[in-house]
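Residue numbers (the numbering used here): 19 to 87.
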Amino acid sequence: MTEDHEKTERSLDEWSSKFSAETHEATAEVAAKFMFAMSYYHERMKLHIMLHPFFYVAGFLTAYYFLGK
19 MTEDHEKTER SLDEWSSKFS AETHEATAEV AAKFMFAMSY YHERMKLHIM
69 LHPFFYVAGF LTAYYFLGK
């Protein structure tokens, strides 16, 4: 692998120079990959957000049962 592929964190200037030097197709490819990845994580977070009230109530009822009696 080249050093370019091994580096995962870049500054804003490094990203700007990288994408200004490449073609528009490469920039569009990276944007498409990012959008695909974000849609995957958004779907997973929707489930987490939907289940959050359930775990809150379950935790409250458990604490009420063990500490309230």
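Cβ atoms here follow ideal geometry from the backbone N, Cα and C, with glycine treated the same way.
Residue i - DSSP class collapsed to helix/strand/coil
i	result
Ser57	helix
Arg28	coil
Ala41	Note that residue 41 is Thr in the sequence shown, not Ala. Residue state, collapsed to three classes: coil.
Proximal residues to residue i (C-beta, below 8 Å), its chain only, five neighbours per side dropped
i	result
Arg28	Lys36
Ala50	none
Thr45	Phe37
Own chain, CB closer than 6 Å to residue i, minus 5 neighbours either side, in chain order
i	result
Val96	Since the first residue shown for the chain is 19 and the last is 87, residue 96 is missing from the structure and cannot be characterised.
Contacts around residue i, its chain only, beta-carbon distance under 7 Å, and the 5 residues preceding and following it disregarded
i	result
Ala81	none
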